[in-house]
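The numbers in the numbering used here rise by one with no breaks, and the one at position 282 of the sequence shown is 282. Quick reminder that beta carbons are idealized off the backbone N, C-alpha and C, glycines included. None of these values were measured; they are calculated from a predicted model. Reading through the structure tokens given below for one structure.
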Amino acid sequence: MIPDSPIIPSSRTKRRIFHADASIILVGCRGAGKRTLGFIAAKHLGRRLITEDHSFEQATGCTRATFLQKYGRETFNQQMAIVLARMIKPNQTNCVIECGTGTLSPAIEEILKGYLETNPIIYIHRDKEDLYKLLKLPVTDAEPLLIADQKHRDFSNLEYFNVYDPSGEGHVTEDIPLRSALTSSARLVDAKQDFKNFLDSIFGHSLTRSWVSNPFSIKAIPPEYRTYTYVLHLRLSTLININVDLAKLEAPGEAVEFIIDTWPNNMLDIIATQVALIRHKMDVPIIYNVEENPREERKRPIEERDAADLELMLHGFRLGVEYLTLDLERSPHLVTHVLAMRGRTKIIGNYVARGFGAPKWTDDFYIERYLYAQRLGCNIVRIARFCAAARDDSLRQAFVDRIRALPDPKPCLIAYDYSVFGVVLPFQDKIMNPVGHDSLEKSSREQMAGVSTTRGSLRDVFRKGYLQPLNFYTLGSNVYYSASPSMHRAAYEHYMMPHTFDARRCTTLEEVDRIRQEPGFGGASLTAPFKVAIMKHLDHLSTHAIAIGAVNTLLPLRGETDSILDHANSRNRAGVASKFYGDNTDWSSIVTCLRRAISPRNSVQPSRTTGLVIGAGGMARAAIYALIKLGCRMIFIHNRTKAKAEEVARHFNTYALEQKLVRQNDGELICHVIESPRDPWPDSYQPPTMIVSCIPASGVDDNPPVDFRMPSQWLKSPTGGVVIELAYEPLITPLVVQVRKIREEGNTSWVIVDGLEVVGEMAMEAFELMTGRQAPRRLMRRVCNETWEKTCAPFQPQR
């Protein structure tokens with residue numbers, strides 16, 4: 001329960017902006033996942049991992065269990081405090097420190113308290129039922145452990161709930177019968193990306209990483225700077241009282257507003273759990289909203305209410321939420337305290353003019369509210385005004401224009417009318433409009449979202465002509481079997497966007513030029529023979545396209561200025577394109593599939609891990625780049641034309657030198673050519689654990705298909721690995737048959753990732769780049785499988 005206390009910051013409400021190299025300290029009980037998350041953090045941030053087990057043995061010469069048994073609890077606690085102090089004091093920068101201490105002694109509490117102002121101390125915890133199973137403890141033994149674990153909140157400044165998701169990544173893949181035999185039955189639970197995102201938010205790297213990687217990525221531009229963005233309202237009461245499958249609320253909008261509207265028992269744990277699940281299942285920013293008068297709660301005196309609500313708001317900061325709403329009518333001391341403690345969370349200054357007597361938009365009252373929020377330091381100001389019915393929007397627009405005329409810098413403005421049905425006009429304000437979802441029960445307390453949904457709102461925006469229908473394509477010489485059109489069309493239907501997507505056979509650049517000059521051209525996925533040839537005809541290229549030397553995604557740039565933001569917000573708008581942008585997402589789709597399939601024992605180690613790429617075309621270049629991005633520094637290339645393999649190897653060895661991935665004077669190379677399938681695997685290198693086949697299984701341009709089988713001496717990894725077969729027509733290639741047989745006959749665990757899985761990832765990334773909307777990934781995966789089953793499966797060879 002929330003304590004009844006005056007507004008005095010506890011030890012866990014310290015500031016949460018840290019120096020870029022401040023060491024991260026992980027605390028929590030045994031079994032919470034600190035060691036695993038510590039490895040993830042150390043690798044992601046390029047830091048040294050220090051573990052308490054190792055440090056204790058170094059200091060005492062024996063394990064903690066042996067020491068405890070030999071000397072007793074009191075001496076053990078004293079020694080633990082000594083070890084912890086020695087771990088942290090000389091390692092306050094550029095380290096990840098994993099504290100295995102499950103029980104906090106007073107001495108350890110004092111040590112941790114001393115670093116609350118300077119270092120991120122993250123309390124790691126997980127679902128108690130999962131913890132019981134993991135530790136194999138009866139409830140009677142586990143409960144005291146969990147009670148003691150709660151004390152970590154008082155000596156930490158951040159909190160991470162470690163989600164256990166048996167489905168693998170929050171997305172269920174509906175395997176079709178033929179494919180289910182191809183893929184590994186085991187799906188590894190992967191919390192890596194969740195925790196990486198959390199770490200990036202701590203140090204303010206999230207937008208920077210996304211922007212540098214791809215400025216047109218949906219994560220590179222915050223929702224408040226994009227046009228026609230929507231926020232799904234999710235209430236805590238709904239999530240805990242109704243069995244809501246968050247994964248089925250996919251692509252709900254650009255953010256989720258998580259509204260704390262009830263006070264259950266153990267609410268801090270429940271809130272942490274729900275925040276983690278929203279992130280894991282929906283992958284959108286969270287707006288954290290503590291409702292002033294929770295339902296089913298008694299009317300509280302203002303001092304009690306402020307103390308309780310402050311505790312809840314500070315809990316949101318601990319969880320690293322991206323936004324927090326702050327009612328501008330709250331007590332000044334509460335407002336001041338929240339703003340002082342926000343860390344990197346953006347504050348939305350909120351004001352709602354309720355009732356039939358709400359002032360008109362022409363009243364200076366709204367200007368005063370905006371300026372008050374600006375003086376406080378709010379990042380965004382949101383003003384909602386009640387009106388009985390739809391009316392002329394000119395008065396609200398005049399107010400918006402007055403704010404726009406104020407000198408910069410100034411907070412972003414959200415301003416709209418609402419009625420008993422929610423926002424009066426779903427396209428009234430261009431950013432962060434509140435919406436509900438068709439599958440969620442409507443709450444009687446929900447005044448803003450009302451009956452609006454993202455898809456319904458977007459439909460109205462297109463009907464009114466604010467956005468226009470566009471034509472998208474897959475362009476290449478052999479595109480008839482492409483699954484992309486069906487996937488994109490399903491995504492358009494999901495959002496009620498009246499776009500079209502077609503596979504168009506083209507053999508010359510002149511044909512591509514005619515298509516891209518059309519006023520209704522929205523974008524295109526490029527296949528052979530255009531990936532390299534198009535590059536010199538484009539105005540801008542992504543860093544990835546330049547590094548790979550190939551383009552697979554073509555975007556028109558219709559911004560009125562040269563601003564990336566202007567061009568990004570001109571997506572879904574027709575007109576003659578002034579310039580064109582080329583990107584390459586082949587590599588990132590391969591990275592996604594490798595990360596999903598690689599086992600922990602085969603995790604990439606630059607000094608040991610070896611990769612193998614079959615082929616030397618555009619997809620092979622993307623595969624090599626993907627392996628480099630994963631940290632692999634020993635890559636072999638095999639191609640039936642040796643000269644092409646050597647050309648690709650030279651390209652990436654030059655790239656590695658330019659990027660300082662290898663030492664210039666040591667003659668080190670990242671890429672090597674292995675000439676013949678009869679050649680033994682080089683003795684000085686580990687057998688490959690990541691293999692990507694980039695050769696077509698069907699004939700291209702009247703050429704016969706390449707019947708490639710992997711030499712058995714190249715498949716000798718004792719820990720198995722991942723084989724990605726990029727061909728999916730046919731899906732069962734000789735390589736797939738071969739690796740399946742090796743897996744079934746031997747003891748090595750090879751995971752096969754088929755081409756359909758990769759092409760699905762490519763289509764989803766292309767959809768996001770072309771439309772600026774989050775891809776409905778479950779839907780697009782399902783349609784990808786269904787399309788292949790209808791068009792290709794009947795012609796597959798028998799297994």
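Item	Value
Short of 8 angstroms in beta carbon distance, which residues of its chain neighbour Phe18, apart from the five on each side in sequence? Order them along the chain.	Thr118, Asn119, Pro120, Ile202, Phe203
Hey, could you find the ends of the alpha helix (DSSP H) Val335 is sitting in?	332-340
If you count every other CB in all the chains shown that lies within 10 Å of the CB of Thr543, and 16 or more means buried, which is it?	exposed
DSSP three-state label for Arg743, please.	helix
Arg226 and Glu257 look like a contact to me (Cβ under 8 angstroms); what is the Cβ gap, rounded to whole Å?	Wrong, their Cβ atoms sit about 16 angstroms apart, outside the cutoff.
Along the chain, where does the alpha helix (DSSP H) that runs through His567 open and close?	564-568
Could you tell me the distance, in whole angstroms, from the CA atom of Ala415 to the CA atom of Gly357?	18 angstroms
Leaving out five residues on either side along the sequence, give the residues of the same chain with a beta carbon under 6 angstroms from the beta carbon of Tyr85.	With the sequence shown as reference, residue 85 is identified as Ala, and Tyr is not the correct amino acid for it. The answer, listed in chain order, is Ile111.
Could you give the distance in angstroms between the alpha-carbon of Ser607 and the alpha-carbon of Asn785?	38 angstroms
State the Cα-Cα distance for the pair Val758 and Cys593, rounded to the nearest angstrom.	7 angstroms
Quick one: residues in its chain with C-beta nearer than 7 angstroms to the C-beta of Arg459, no 5 flanking neighbours on either side, listed in chain order?	Met496
Which residue spans inside the region 452-523 form an unbroken beta strand (DSSP E) run of at least 3?	471-476, 500-505
Does Tyr71 come out as helix, strand or coil in the three-state DSSP assignment?	helix
Measuring CA to CA, which of Asp154, Arg153, Lys536, Asp127 is closest to Ala142?	Asp127
Helix, strand or coil for Met770, going by three-state DSSP, please let me know.	helix
Could you pull out every residue in the same chain whose Cβ sits closer than 7 angstroms to the Cβ of Leu630, ignoring the five residues on either side in sequence?	Val591, Leu594, Val604
Could you give the DSSP three-state label for Ile122: helix, strand or coil?	strand
Quick one: any contact between the region 80-98 and the region 45-56, if contact means 3 or more CB pairs under 8 angstroms?	yes
His489 to Ala622, Cα distance in whole Å?	Position check: residue 489 holds Arg in this sequence, whereas His was assumed. Straight-line Cα distance between these residues: approximately 26 angstroms.
Would you decide whether Pro696 is buried or exposed? Buried here means 16 or more other CB atoms lie within 10 Å of its CB.	buried
If you follow the beta strand (DSSP E) that Cys671 is in, where does it begin and where does it stop?	671-673
Quick check: the Cα distance between His315 and Ile348, rounded to an integer number of angstroms?	17 angstroms
State whether the region 497-514 contacts the region 470-479, with contact taken as three or more CB pairs (one from each stretch) at a distance under 8 angstroms.	yes
For a test of the three-state rule: what should DSSP assign to Glu646, helix, strand or coil?	helix
Distance check for Thr336 and Gly377, CA to CA, integer angstroms please.	10 angstroms
For Glu725, collect the residues of the same chain with a Cβ closer than 6 angstroms to its Cβ; drop the 5 residues on either side in sequence, then sort them by chain order.	Ser693, Thr733, Leu735, Val736, Asp754, Gly755
Among Gly46, Gly343, Gly615, Arg375, whose alpha-carbon lies nearest the alpha-carbon of Pro332?	Arg375
Out of Val723, Leu326, Gly38, point me to the one whose CA is closest to Leu26's CA.	Gly38
Can the beta-carbon of Asn602 be found closer than 8 angstroms to that of Thr719?	yes
Going by CA-CA distance only, name the one from Pro106, His540, Gly465, Trp361 that's closest to Asp393.	Trp361
Pull up the distance between the alpha-carbon of Leu182 and that of Val613, whole angstroms please.	Interpretation of Leu182 is limited by its pLDDT of 39, a score under 50 that renders its predicted location unreliable; the figure taken from the coordinates is listed afterwards. Between Leu182 and Val613, the C-alpha separation is close to 20 angstroms.
Take the Cβ of Val231 as the centre, count every other Cβ of all protein chains shown within 10 Å, and call the residue buried at 16 or more, exposed below.	buried
Using DSSP bridges, identify the partner residues of Asp417.	Arg385
When you compare each of Leu104, Ile24, Glu646 to Arg30 by their alpha carbons, which one comes out closest?	Leu104
Which residues in the same chain have their Cβ closer than 8 angstroms to the Cβ of Pro411, if we skip the five residues on either side of it in sequence?	Gly349, Tyr370, Ala373, Gln374, Cys378, Asn379, Ile380, Val381
Assuming contact is defined by CB atoms lying nearer than 8 angstroms, are Pro469 and His437 in contact in what I supplied?	no
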